[in-house]
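Novice: Residue numbers (my numbering): 1386 to 2213. Sending over a structure as structure tokens; questions will come in a sec.
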């Protein structure tokens, strides 16, 4: 029986043979965790992805050069058995060299550990201790399994640029290695003891856990769908309307799956801070009902860093200096005392131990059952959590992707890359006095981009050009990258370091994305409005890249109230034919919501002008005049908003009975809160302590908030009951026509899909549905949704409406006021 229960239900448990727990840890993770020491230092600034690719190349090159007595990539593992559990230490030795000798003990065995570096080999006077430690673990395992009295370790350092090699050799007796390894594993024992103890508590608590609320309509079915998807190791695409309780309905079955051994860590992924907070609160609610679960909500480095300027090196930051000497003690302090690792707890502990709070929260992910974070920690090729999702790492993870409709554009952004010609020219002038080689290579890259620009600047191209191949430029960029990396390695304190770093990381990202180029990409050049020239690798369809990352999880649940049409999102978000999709039933009474479509109004480009702005302003006036309250008005763009706002203020604004505010084009966090607090009225919010403060205010005026569709106020905003009684949506939300949208249209049309729908209609309707979703947030809410565009009556748009939008009414400018008045008469 599925362990998805309601209050008062019981569960029939199968009896299983109790096996001794096994802790599996890689050789690299073991030595890097226990033996790490020293400083955080961003002055050695290789791109991690680029370094990994170059390191793999160096490994393959050296391994190929060795003779037949050299065995590459040898898997080695050792299980250490204790009373309560076993520890399995696993990894792959880069190479094992067998040399014949004249001595009686037989062949001499050497464990080879290969490391690529951009440093001059003459500056490496001794091997890095943590590198040697890796080789020593492999040497001990091999010597133990082959009963060797002595074994040799070789550290092989190879300069990535010159391919020059330097060796360091050391011979160890088996007794030396045994004593050293027992000391190493002994230091790890306290962490292993903790892990076994904690997981026992966690699993016991999950076995007693029941759903914390009475099930809403359709909620039990959603919970069961999620659980069974995880049971089968699939992906689930879920339309979860507001009110169904999507957060608890996904977290609860994920926890139950973890309790059944179908996952060991939950990653709750979101695009916005507010939804991360809701997930964090949900875990807190489950703890109140008995769950033992450790969770961390990741905060961006810029927000959690205690310094005004983020500078991660021992000269600029006291938290970076000696960080690795103290970090394990700091982590242990939190791990044994907390279950909810809050930002406040992390920063306080980091201050006490003088360690970096950002690196600390990343390490705490290892000791968390649930990690709540932004999409980029899993999907972004530049910043993803490599300790969990690197190619060689396997994990038993469950991904919960909230507001999954946002992952499409975020995916396109994460897997695309852009370089600007002017950046090369600017840096060339700066570095000329410091490095002539770099200056010449910057000029070479600039010349290659100039050739591309000349094609783009022709009358035929008109400032935009799709390009088929850019190999000459990328080869020049590769050489420049190597030179920049070498300069940064050798000139830690250069006064031009920051300027070089900026372009260095852009080039590194560009080259990384270039390695991913396939038929899901389009390369193009463009002369932008300000005259700058860019070369872009545009990921038109991120499905393949997203799917590859989701393979790191046992199961992925993608959910949103507006994941419509679901087959479209399944296609572009990496779904496969045998993955599941489900539409959760709305829990709200549809009679409490009026959906009105204006048939004599439009936002079409061909009709935009003073006459139509007047028409829209009149519609707004007619919709709000018979009921005082708070309304949000959504427009296709800031320009459209300003045009209608001006007409409304001149022709219809009644200062005695209404206030009008509008979303400015650029608003900081304080401005956003000020805007929203006008709607919250009696209920203002102290964001720091999240305490609601009641203030007696009598609001007799209507409040009209003019906003942009798809903007900061059209998603993730909860204004319940009388804080919002209506949303008026102007237009179908179609994205602005641009070159990239046209590329998307052409790409999917060539795949046999409706290109215009993929590029414009579907993204536009998602904005409409998100805006409309602001109105009814709870079962106590009553409100109106007004769609002002005659195109909403067309079949192509009607079929994109949610299934629960069954009761719609067609209105005109003359009839809308009477219809709305009748609606309110029913509910007042």
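Yeah, the Cβ is synthetic: ideal placement off N, Cα and C, and Gly gets one too.
Would you mind reading off the limits of the beta strand (DSSP E) that contains residue 1756?
Specialist: Unbroken beta strand (DSSP E) run through residue 1756: 1755-1759.
Novice: Decide if residue 1508 is buried, meaning its Cβ has at least 16 other Cβ atoms within 10 Å, or exposed.
Specialist: Its Cβ having fewer than 16 others within 10 Å, residue 1508 is exposed.
Novice: Our contact map puts residue 1981 next to residue 2194 with C-beta atoms below 8 Å; I'd like the distance itself, whole angstroms only.
Specialist: About 5 Å; that satisfies the 8 Å criterion.
Novice: Which same chain residues, not among the five before or five after residue 1446, have their C-beta less than 8 Å away from its C-beta?
Specialist: Around residue 1446: 1543, 1548.
Novice: May I have the straight-line CA-CA distance separating residue 1912 from residue 1794, to the nearest angstrom?
Specialist: So the alpha carbons of these two residues sit roughly 23 Å apart.
Novice: Helix, strand or coil: which one does DSSP assign to residue 1510?
Specialist: In this structure, residue 1510 counts as coil in the three-state DSSP scheme.
Novice: Which runs of the beta strand (DSSP E) spanning at least 3 residues fall entirely within the segment 1828-1893, listed in chain order?
Specialist: 1849-1852, all fully within the segment 1828-1893.
Novice: Is it buried or exposed, residue 1638, if we count other Cβ atoms within 10 angstroms and call 16 or more buried?
Specialist: By the 10 Å Cβ count, residue 1638 comes out buried.
Novice: Using the DSSP secondary-structure output, state which residues sit across from residue 1544 in a beta bridge.
Specialist: Residue 1544 is bridged to 1502.
Novice: Relative to the alpha-carbon of residue 2119, which residue among 1990, 2135, 2050 has its alpha-carbon at the smallest distance?
Specialist: Looking at the Cα atoms, 1990 is the closest of the given residues.
Novice: Helix, strand or coil, according to DSSP, for residue 2184 in the structure here?
Specialist: Three-state result, residue 2184: coil.
Novice: Which of the three DSSP states is assigned to residue 1368 in this structure?
Specialist: Residue numbering for the chain in the displayed model covers 1386 to 2213; residue 1368 lies beyond these limits and cannot be assessed.
Novice: Around the Cβ of residue 2212, are there at least 16 other Cβ atoms within 10 angstroms (buried) or fewer (exposed)?
Specialist: Label assigned to residue 2212: exposed.
Novice: Report yes if the CB atom of residue 2018 is closer than 8 Å to the CB atom of residue 2089, and no otherwise.
Specialist: Cβ distance < 8 Å, so residue 2018 and residue 2089 count as in contact.
Novice: In three-state DSSP terms, what is residue 1800?
Specialist: Looking at residue 1800 - three-state DSSP - the assignment turns out to be coil, as it is neither helix nor strand.
Novice: Could you tell me which of 1553, 1501, 1479 sits nearest to residue 1522, measuring between CA atoms?
Specialist: Per the Cα distances, 1479.
Novice: If we ignore side chains and look at the alpha-carbon of each, how far apart do residue 1907 and residue 1851 end up?
Specialist: About 7 Å.
Novice: Going by C-alpha to C-alpha distance, which of 1701, 1621, 1810 sits closest to residue 1968?
Specialist: Measuring from the Cα of residue 1968, the nearest candidate turns out to be 1621.
Novice: May I ask you to check if the CB of residue 1940 is nearer than 7 Å to at least one heavy atom of the ligand NAD?
Specialist: The ligand NAD is not part of the structure shown, which contains no ligands of any sort.
Novice: Residue 1637 by DSSP, collapsed to three states: which one?
Specialist: Residue 1637: helix per DSSP, three-state reduction.
Novice: Express the C-alpha separation of residue 1703 and residue 1749 in angstroms, rounding to a whole number.
Specialist: Roughly 21 Å between the two C-alpha positions.
Novice: Taking the straight line between their C-alpha atoms, what separation do you get for residue 1868 and residue 1519?
Specialist: Answer to the nearest angstrom: the Cα atoms are 30 Å apart.
Novice: Quick one: give me the first and last residue of the beta strand (DSSP E) that residue 1457 is part of.
Specialist: Per DSSP, residue 1457 belongs to the beta strand (DSSP E) from 1455-1466.
Novice: In terms of residues, what are the limits of the beta strand (DSSP E) holding residue 2122?
Specialist: Counting along the chain, residue 2122 falls outside any beta strand (DSSP E), and DSSP gives it neither H nor E.
Novice: Would you give the residue range spanned by the beta strand (DSSP E) that residue 1481 belongs to?
Specialist: Taken as a continuous stretch (DSSP letters only), the beta strand (DSSP E) holding residue 1481 covers 1471-1484.
Novice: Enumerate in chain order the residues of its own chain whose CB-to-CB distance from residue 1842 is below 8 Å, with the five nearest sequence positions on each side excluded.
Specialist: Around residue 1842: 1848, 1912.
Novice: Just the C-alpha distance for residue 2105 and residue 1741, rounded to the nearest angstrom, thanks.
Specialist: Near 40 Å, if we compare the C-alpha coordinates of residue 1741 and residue 2105.
Novice: Looking at the unbroken alpha helix (DSSP H) that takes in residue 1669, where does it start and where does it end?
Specialist: It spans 1658-1673 - the alpha helix (DSSP H) in which residue 1669 sits, taken as one unbroken run.
Novice: Below 8 Å between beta carbons: does that hold for residue 1785 and residue 1677?
Specialist: No, they are not a contact pair.
Novice: Looking at the secondary structure, which residues open and close the alpha helix (DSSP H) in which residue 1573 lies?
Specialist: Residue 1573 -> alpha helix (DSSP H) spans 1559-1592.
Novice: By a C-beta neighbour count over all protein chains shown, 10 Å radius and 16 as the cutoff for buried, is residue 1468 buried or exposed?
Specialist: Per the 10 Å Cβ criterion, exposed.
Novice: Give the secondary structure of residue 1726 by DSSP, where H, G and I count as helix, E and B as strand, and everything else as coil.
Specialist: Looking at residue 1726 - three-state DSSP - the assignment turns out to be strand.
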